[in-house]
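Using the numbering used here, read the sequence shown as starting at 3 and increasing by one per residue. Just so you know, even glycine gets a beta-carbon here, dropped at the ideal spot from N, CA and C. Quick caveat, the model's predicted, so the values are computed rather than measured. As structure tokens, the structure follows; a few thoughts come after it.
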Amino acid sequence: MQETTVKITIDKKGRAKVEMIGFHGVGCGELADKLKSIGRVTSETNKPEFYETDENTNSLDNFAG
3 MQETTVKITI
13 DKKGRAKVEM
23 IGFHGVGCGE
33 LADKLKSIGR
43 VTSETNKPEF
53 YETDENTNSL
63 DNFAG
């Protein structure tokens, strides 16, 4: 399984930017939904990996972070 990483960057004004690396398809969306529940989302951009679908897509069931 490919390694997955969640990178959180907080700027001087307290705004957080969350980047999910190594996630594909539904796993990215599932984790994004969980993270959205703890804060206010001001913008959202899906990377090309979000739209990938195959038998190797990540899901939260496989997330060990």
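Applying the criterion that 16 or more other CB atoms from any shown protein chain within 10 Å of the CB defines a buried residue, is residue i buried or exposed?
i, result
"Gly29", "buried"
Candidates the options: which alpha carbon is nearest residue i's?
i, options, result
"Lys49", "Ala34, Ala18, Glu5 and Gly16", "Ala34"
"Glu46", "Phe25, Glu21 and Lys14", "Glu21"
"Tyr53", "Gly31, Arg17, Lys14 and Glu5", "Gly31"
"Gly41", "Glu51, Gly16 and Gln4", "Gly16"
Do residue i and residue j have their C-beta atoms within less than 8 Å of each other?
i, j, result
"Lys19", "Thr11", "yes"
"Lys9", "Ile23", "yes"
"Glu1", "Phe25", "Only positions 3 to 67 of the chain appear in the structure, and residue 1 is not among them; the question remains open."
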